[in-house]
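Enquirer:
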Amino acid sequence: MAHLLREKGFNAFVIIGGLTAWKKAGEPLESVPREDLVKLPTFS
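This is the structure:
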C-alpha cells in the first residue's frame, strides 16, 4: 500500500515489522472514531 500511495504523491513508508513494530518503538498512534470503522470480512 505504501508504494501505491507514494506513486500518488503521498509521503508513505513501508515499516518492517508493521504496526506491531511501530507501537513497540513508541511511535504515535491516532485513534479512529467508531463511526469511521468499517467491518471487514473474516477468512477462516
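Residue numbering for the sequence shown is 15 to 58, as defined by our numbering. Here a beta-carbon is modelled for each residue, glycine too, at the ideal position from N, C-alpha and C.
Please list, in chain order, all residues of the same chain as D31 whose beta carbon is under 8 Å from its beta carbon, the five residues on each side excluded.
Expert: Sequence index remark: in the sequence shown, residue 31 carries index 17 (1-based). According to the sequence as given, residue 31 is Gly; it is not Asp. K38.
Enquirer: Looking at the structure shown, is T34 part of a helix, part of a strand, or coil, going by DSSP?
Expert: As a first step, residue 34 is located in the sequence shown; it is residue number 20 there, counting from the start. Three-state result, T34: helix.
Enquirer: In terms of residue numbering, what span does the alpha helix (DSSP H) encompassing A16 cover?
Expert: To locate residue 16, count along the sequence shown from 1; it is residue 2. From DSSP, the alpha helix (DSSP H) with A16 extends over 16-21.
Enquirer: Helix or strand or just coil, what does DSSP make of E41?
Expert: The residue given as residue 41 occupies position 27 in the sequence shown. DSSP places E41 in coil when its eight states are reduced to three.
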